[in-house]
Each structure stands twice: as structure tokens, then as C-alpha cells.
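Remarks on the structure that follows.
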Amino acid sequence: MDCEFRRPRGFELGTQYSAPMGLTVADAQGASAPAHMACSGIGITRCLQTLAELHRDHHGLCWKPGCGPADLHLIVLRADLPEMRERTEQIVRQLQQHGARLLVDDGPEAAGEKFAYARLVGVPHVLVISPQQTDGTVEFIDRWTSRHQEVPLSHIPGTPSLQPPADKLRGQIDFRVMPPDRVLGGIKIRTPENNSAPHQKPTEEVTEICRQLHALH
1 MDCEFRRPRG FELGTQYSAP MGLTVADAQG ASAPAHMACS GIGITRCLQT
51 LAELHRDHHG LCWKPGCGPA DLHLIVLRAD LPEMRERTEQ IVRQLQQHGA
101 RLLVDDGPEA AGEKFAYARL VGVPHVLVIS PQQTDGTVEF IDRWTSRHQE
151 VPLSHIPGTP SLQPPADKLR GQIDFRVMPP DRVLGGIKIR TPENNSAPHQ
201 KPTEEVTEIC RQLHALH
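Start counting the sequence shown at 1; every next residue gets the next number (the working numbering).
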């Protein structure tokens, strides 16, 4: 894929838009005249390619907080167990109360496949929920540093409790609400407006796009 970051391309619009809108300026003689307009742009797809080029490793993409498809990637192990489904929904509701964008992987795939997909997609913060966690903790993974850490759920930014100390978690997650029904790879992104999205297996098309972005050079 061509990832050359080119200079902005300009377009002369003349008075095509300014005249109907009544946008005028004073000329050299002080008379009112329609403004001449121009625009320029670098293209959102080329910006995306450049971000992917700069923020990746040999596993996949590493999105900056606020730039990725979600704030938190929830990996649910043994999601077939009723108690795990109940716990997942409880955590999802808790985080959504604060407008978190959640990428929830609660499918039947093996743990290794889920972790590999998480590294490929590159959501900056990953939470792992498993049956072994019986003390109210979750596993927190920093995609940038690959650091794994067991933390109380109350220490995850955006939960109702106090924010964690600075040395607990690296940085703050920029929680922003996005329109519902956003889908990446077939896995539903949960938003406060869309909290009952079922799991779907990642589509080959979107997974291949992620691989192509990762392979940019």
C-alpha cells in the first residue's frame, strides 16, 4: 500500500459557494464583492495510513488513546459460562455509565486467538476477564508496553471509584461516546446506546485490512 504522506492538495472554488451564501468582502475601492474561496485537504485515509505506519510493532497496530476504534478491548475467557456472561455484562454496564467505547470479544475462540486479534487491532488498553479472577480484579494490558497487571476493577479509569494513583495505570483513557452499531472485524463495539450487541466472528475482509495496515512500510 502507498503510504506516502503528500502535501495538501488545493482546490479553487471561486464564488460558487460564497455568492449564494452572501459571503462578501470589501475590494480595494471599498465596494462589497463575493469572497473567492479555496480549500485544501490531505485525505482522511492517508492520515490513517500514516498513523498506522508510525504506531505499530511486529504484532499489529498500536493506536494512541482517542485514535483507535475503542477505548477498552474486553477479552472474556470462558464466555460460555453463565457466571462469566453475568460478570461481563456487569462490567460493561459499569464502564458504559461513563461513556466508554468498548470492544467486547466474548466469542468461543481460544484465548491465544483472542490475544493475537487484540494485538493486531491495537486498541491501546485491554482488559481480560477470566473465571480465575475471584477477588474483583481484572487483568490490565497496556498495548504500548505489553505490561500485564492485575488491578481492581475500581482502578480502571471511568469507574465510579476514585482515580488510581499515577503509578497504577499509564495515562488516562479519553472516554468519548461514539454513534452506536460501530463494528470492527464483526465484533460489536458496545456504547451506552448499544449495550446488547451480540458477538460475531471477525470477518476476513476487515481482518485482512488490519493486516495490510500493519504491513505498511
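For glycine and all other residues, C-beta sits at the position ideal for the given N, C-alpha and C. Note that the structure is predicted; figures quoted are calculated from it, not measured.
CA nearest to the CA of L102, picked from V76, T137 and V25:
That would be V76, whose Cα lies nearest to the Cα of L102.
On the CB-based measure, 16 or more other CB atoms within 10 Å of its CB, does V25 come out buried or exposed?
Around the C-beta of V25, fewer than 16 other C-beta atoms lie within 10 Å, and the residue is accordingly described as exposed.
Please state if the CB of L61 and the CB of H55 are separated by a distance shorter than 8 angstroms.
Yes, these two residues count as a Cβ contact at 8 angstroms.
Going straight from the alpha carbon of A100 to that of I91, what length do you get?
I91 has its alpha-carbon roughly 11 angstroms from the corresponding atom of A100.
Assess, as a yes-or-no matter, whether the region 78 to 87 is touched by the region 128 to 138 under the definition of 3 or more beta carbon pairs within less than 8 angstroms.
When Cβ pairs closer than 8 angstroms are counted between the two stretches, the region 128 to 138 is seen to touch the region 78 to 87, the count reaching three or more.
Does the distance between the C-beta of F11 and the nearest non-hydrogen atom of the ligand NAD fall short of 7 angstroms?
With respect to the ligand NAD, the structure shown offers nothing to examine, as it has no ligands at all.
Can you tell me the Cβ-Cβ gap for T137 and V151, rounded? I've got them flagged as a contact below 8 angstroms.
Rounded, the Cβ-Cβ distance is 6 angstroms, consistent with contact.
Would a C-beta distance cut-off of 8 angstroms place D27 and A19 closer than the cut-off?
Taking 8 angstroms as the Cβ cut-off, D27 and A19 do not qualify as a contacting pair.
Could you tell me which of L74, A52 and H58 sits nearest to K64, measuring between CA atoms?
The shortest Cα separation from K64 among L74, A52 and H58 belongs to A52.
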